[in-house]
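In this text, residue positions in the sequence shown follow the numbering used here: the first is 12, and each later residue adds one.
For each residue, glycine too, the CB sits at the ideal point set by N, CA and C.
Please read all numbers here as calculations on a predicted model, not as lab measurements.
The next block holds one structure in the form of structure tokens; read it before the comments.
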Amino acid sequence: MRTARHSKQRGAASVEAAISMLIIIPAFMYALFLDDLLRYAGDLQEAVVSTPWDFAGQNYTQPNSRGLKGGASDKKPLGGNLEVQHQARLMYCDHESSGDSYTASNGKTNDCDGEDHHKGKALSGHVCWLNEGAHQVTCEAVQRNVGVLGASLYQDYHNQFARAGGMYECHGQEVVENYLLPKSFLQEFAGSEKMSKENWSNNGSSIHDNATAGKADTAYYLAEQRYAILMDSWAVNEVPANGGEGESQVDMAVAPGTKSGPLYDRVDLVYSGNMLYTPFQLATTAFLTQASNKLLSPMIAFSRPDDPVTPNVSLTKMGTSPPLQKIQQDSGSPQYYSTPWKDWSNNPYEKTHGKRGKYYMGCKTAQKKKC
């Protein structure tokens with residue numbers, strides 16, 4: 012009886028172990044596969060989110076330079092043909108931003124054409140851009156109508172100085188193929204249920220060829236990621252030296268009396284484009300005509316060096332401290348502050364900055380009320 016009982020116990024334990032394997036082994040293997048899927052989803056999100064931010068560092072006063080090169084025109088730069096997209100694809104063709112190498116090996120570019128970023132780095136799933144249902148980081152044509160107000164002066168300014176601005180949207184999607192999970196497992200117990208989609212480990216083709224051949228019923232598709240950033244390119248950027256792509260050697264400084272330059276042109280458009288500019292111009296001319304009749308030499312009033320109908324702009328060179336400008340006057344060339352940073356003895360802006368502390372508006376403790 013004891014032997015029979017022990018035999019029954021051993022038989023029951025074997026059955027329990029077999030049944031447990033239906034849960035333990037698939038759960039363990041699925042955990043490995045899901046770990047790869049989560050990592051790939053994070054890498055995809057990084058590629059798509061970081062690419063539009065590269066548009067934030069471009070020089071929009073020269074739409075055909077730096078990251079805006081490659082198919083851009085002065086009037087309507089494209090998104091997908093720009094250097095930003097090209098560089099993003101080079102960086103993320105191996106699906107991550109670390110360990111990038113663009114050196115050729117055996118006639119191939121290590122990060123893109125080769126498959127070394129798959130072999131030895133993927134445990135159970137292999138991610139790839141190369142599939143008709145997936146695509147590399149792609150940036151759409153810039154949407155220039157975003158934020159347009161319809162005002163004529165606004166539109167004139169936008170057309171002349173913000174023609175490369177707008178919303179840049181980028182997106183991407185990847186396919187993941189199974190190289191670990193068996194398609195079926197313990198069918199004696201599982202019946203016709205499939206554990207996974209196609210297992211490509213026994214396919215003799217290359218990983219890239221397999222990725223290209225994958226379909227919805229044989230591969231896993233990560234959700235498409237999309238991200239957009241609105242670029243307000245109205246800010247004045249310094250112009251690169253000699254019109255090239257290097258760092259700027261030209262300062263945006265402009266002194267009173269100077270009637271040219273990128274900053275002056277922007278101020279002049281708003282100044283002369285105002286609806287009251289024409290009445291002001293007529294009134295100024297009438298005043299000068301009347302004033303000239305009181306002068307011994309009437310033409311002096313019209314030979315003035317400072318024309319009231321043209322704007323005066325003052326901006327010191329970057330890094331000038333304090334921000335002073337010399338202005339030619341009858342008694343000499345006195346100095347004046349070109350910004351409200353210093354206002355003689357008051358210096359309100361400088362004092363506000365000094366009291367601001369480490370955080371905004373004087374709050375030395377972040378997110379604290381009544382600071």
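| message | I'd like the span of the beta strand (DSSP E) that includes Q301, first residue to last. | response | Locating residue 301 in the sequence shown gives position 290, where the first residue counts as 1. Q301 -> not in any beta strand (DSSP E); alpha helix (DSSP H) instead, spanning 288 to 303.
| Backbone secondary structure at M178 - three-state DSSP | Taking the sequence shown and counting its residues from 1, one reaches residue 178 at position 167. In this structure, M178 counts as strand in the three-state DSSP scheme.
| Terminal residues of the continuous alpha helix (DSSP H) containing T223? | Numbered from 1 along the sequence shown, position 212 holds the residue referred to as residue 223. Unbroken alpha helix (DSSP H) run through T223: 218 to 224.
| query | Got a sec? Which residues, its chain only, sit under 6 Å from T62 by beta carbon, not counting five neighbours each side? | reply | If you number the sequence shown from 1, residue 62 lands on position 51. Excluding residues within five positions, the ones whose Cβ falls inside 6 Å are A99, V148, C181.
| K337 in three-state terms, based on DSSP | Along the sequence shown, read from residue 1 onward, the residue named residue 337 stands at position 326. Correct three-state label for K337: strand.
| query | When you compare only the Cα positions, how much space is there between V386 and K130? | reply | Nothing about residue 386 can be reported from this structure: the residues present for the chain run from 12 to 382 only.
| query | Hey, Y282 and T321: beta-carbon distance below 9 Å or not? | reply | Position 271 of the sequence shown, counted from the start, is the residue given in the question as residue 282. Position 310 of the sequence shown, counted from the start, is the residue given in the question as residue 321. A contact, by the Cβ cut-off of 9 Å.
| request: Please report how far the alpha carbon of T229 lies from the alpha carbon of L45, in whole angstroms. | output: Within the sequence shown, the letter at position 218 stands for residue 229. Within the sequence shown, the letter at position 34 stands for residue 45. So the two alpha carbons sit approximately 17 Å from each other.
| request: With DSSP as the reference, please indicate the residues paired to N156 in a beta bridge. | output: For the purposes of this step, residue 156 is identified with residue 145 of the sequence shown, where counting begins at 1. Looking at the DSSP assignment, N156 forms no beta bridge with any residue, so it has no partner.
| query | Can you name the residues that DSSP bridges to L326? | reply | Locating residue 326 in the sequence shown gives position 315, where the first residue counts as 1. Its beta-bridge partners are V265.
| How many angstroms separate the CA atom of Y343 from the CA atom of L306? | Indexing the sequence shown from 1 puts residue 343 at position 332. Indexing the sequence shown from 1 puts residue 306 at position 295. Tyr is not the amino acid found at residue 343; the sequence shown has Gly there. The straight-line gap from Cα to Cα measures roughly 24 Å.
| field | Residue from H146, A145, Y232, G176 with nearest C-alpha to V157 | value | Here the question's residue 157 lines up with position 146 in the sequence shown. Ranking the options by Cα distance to V157, first place goes to G176.
| request: Select from G90, S135, Q56, Q69 the residue whose C-alpha is nearest the C-alpha of P37. | output: For the purposes of this step, residue 37 is taken as the residue at position 26 of the sequence shown. Measuring from the Cα of P37, the nearest candidate turns out to be S135.
| query | For Q184, which of G272, K194, Q171, N142 has the nearest alpha-carbon? | reply | Indexing the sequence shown from 1 puts residue 184 at position 173. That would be N142, whose Cα lies nearest to the Cα of Q184.
| request: Check the C-beta distance from H106 over to H128 and give it rounded, since I have them as a contact under 8 Å. | output: As a first step, residue 106 must be located in the sequence shown, where it is residue number 95. As a first step, residue 128 must be located in the sequence shown, where it is residue number 117. Between H128 and H106 the Cβ distance is about 7 Å, and since that is below 8 Å, they are a contact.
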